[in-house]
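Sequences listed follow chains V and D, in order.
My numbering puts the first residue of the first sequence at -10, with every later residue one more than the last.
My numbering puts the first residue of the second sequence at 91, with every later residue one more than the last.
Idealized CB from N, CA, C, for every residue including glycine.
The block underneath contains the structure these notes are about, expressed in structure tokens.
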Amino acid sequence: TQLLEQSPQFLSIQEGENLTVYCNSSSVFSSLQWYRQEPGEGPVLLVTVVTGGEVKKLKRLTFQFGDARKDSSLHITAAQPGDTGLYLCAGAKGSNYKLTFGKGTLLTVNP
Amino acid sequence: DVKVTQSSRYLVKRTGEKVFLECVQDMDHENMFWYRQDPGLGLRLIYFSYDVKMKEKGDIPEGYSVSREKKERFSLILESASTNQTSMYLCASSLLQGLLSDTQYFGPGTRLTVL
């Protein structure tokens, strides 16, 4: 059973466009993280959201945690080719340090 | 900066061989993890360790074992490699259990091909 569903699976856009990636679950998570993975590298943490309804901004990236802590979204404004990569959401439950990962959204930003 | 290193970026082995994948972290982290990453399946946890000589099974431990004799080193062992173990293997470490905002730091991965 896939606890975290990410959509879309693939996204190819032009430089300057906006986009939103979704991470949904029927389960409640105590925290949710977003990672970005570039080709040939391991994932790197972008942000952690902990509180329901929380919004965090990282330059052109905006992350939101759903009120019920079951879902999250990542919005990128004016995408650039450097944003290309695999975006992974990962959820933690309680004090369990294990993470459950979504399958990822592969973003390609064309110049 | 935290650094997680993996012994090989690419590895080719034959069916039935015993395979060792090594991972070393330099930040005194308690927790270490082994994942495999496959297209369409995402990251799946194989094993993790929360202390020296301590280990717990993840979601897909079958066909794998692990060893953690020193805090900084976590090894993944394929006792008898099979073609369905061809995959990208990622090692990660994190500082403390129980922290809601605990970050996992990943190595660059080992792409293992079993022929």
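With a threshold of 7 Å on Cβ separation, who are the neighbours of residue i within its own chain once the five nearest residues in sequence on each side are excluded?
i	result
residue 72(V)	65, 96, 98
residue 24(V)	32, 33, 34, 35, 77, 79
residue 173(D)	105, 204
residue -3(V)	94
residue 160(D)	142
residue 134(D)	125, 126, 149, 150
residue 98(D)	200
For a contact defined as C-beta to C-beta under 8 Å, what are the partners of residue i on chain V?
i	result
residue 193(D)	22, 34, 37
residue 199(D)	29, 30, 31
Going along chain D in order, which residues have a C-beta closer than 7 Å to the C-beta of residue i?
i	result
residue 93(V)	132
residue 87(V)	135, 138
Can you pull the chain D residues whose beta carbon is under 8 Å from the beta carbon of residue i, in chain order?
i	result
residue 45(V)	Near residue 45(V) there are no residues of chain D at all, since even the closest Cβ is about 11 Å away, more than 8 Å.
residue 52(V)	None at all; the shortest Cβ gap to chain D is about 13 Å.
Given residue i, which residues of its chain have a CB within under 6 Å of its CB, disregarding the five upstream and five downstream residues?
i	result
residue -8(V)	14, 16, 89
residue 162(D)	114, 115
residue 102(D)	203
residue 10(V)	63, 76, 94
residue 170(D)	106
residue 93(D)	116
Which residues in chain D sit within 9 Å of residue i, going by Cβ to Cβ distance?
i	result
residue 77(V)	132, 133
residue -1(V)	Result: empty, since nearest Cβ-Cβ is about 11 Å, beyond 9 Å.
Residues of chain V with a CB under 9 Å from the CB of residue i: which are they?
i	result
residue 164(D)	Under the 9 Å cutoff, chain V gives no residues; its nearest Cβ is about 14 Å from residue 164(D).
Please compile the residues from chain V whose C-beta is within a distance smaller than 7 Å of the C-beta of residue i.
i	result
residue 110(D)	Ordered by position in chain V, no residue passes the 7 Å Cβ test against residue 110(D), which lies about 19 Å from the chain.
Kindly list the residues whose CB is nearer than 8 Å to the CB of residue i, restricted to its own chain and excluding five residues on each side of it in sequence; keep chain order.
i	result
residue 102(V)	No answer is possible for residue 102(V): it lies beyond the span of chain V, which begins at -10 and ends at 100.
residue 176(D)	202, 203, 204
residue 56(V)	41, 42
residue 146(D)	137, 138, 139, 140
Give a yes or no on contact between the segment 193 to 203 of chain D and the segment 33 to 47 of chain V, applying the rule of three or more CB pairs nearer than 8 Å.
-> yes
Going along the chain, which unbroken runs of the alpha helix (DSSP H) with 4 or more residues stay wholly within the segment 121 to 189 of chain D?
-> none
In the segment 14 to 53 of chain V, which residue ranges form an unbroken beta strand (DSSP E) of at least 3 residues, counting only runs that do not cross its ends?
-> 20 to 26, 33 to 38, 44 to 47
Using a Cβ-Cβ cut-off of less than 9 Å, list which residues of the segment 167 to 181 of chain D approach chain V; keep chain order.
-> Residues passing the 9 Å Cβ filter: 180, 181.
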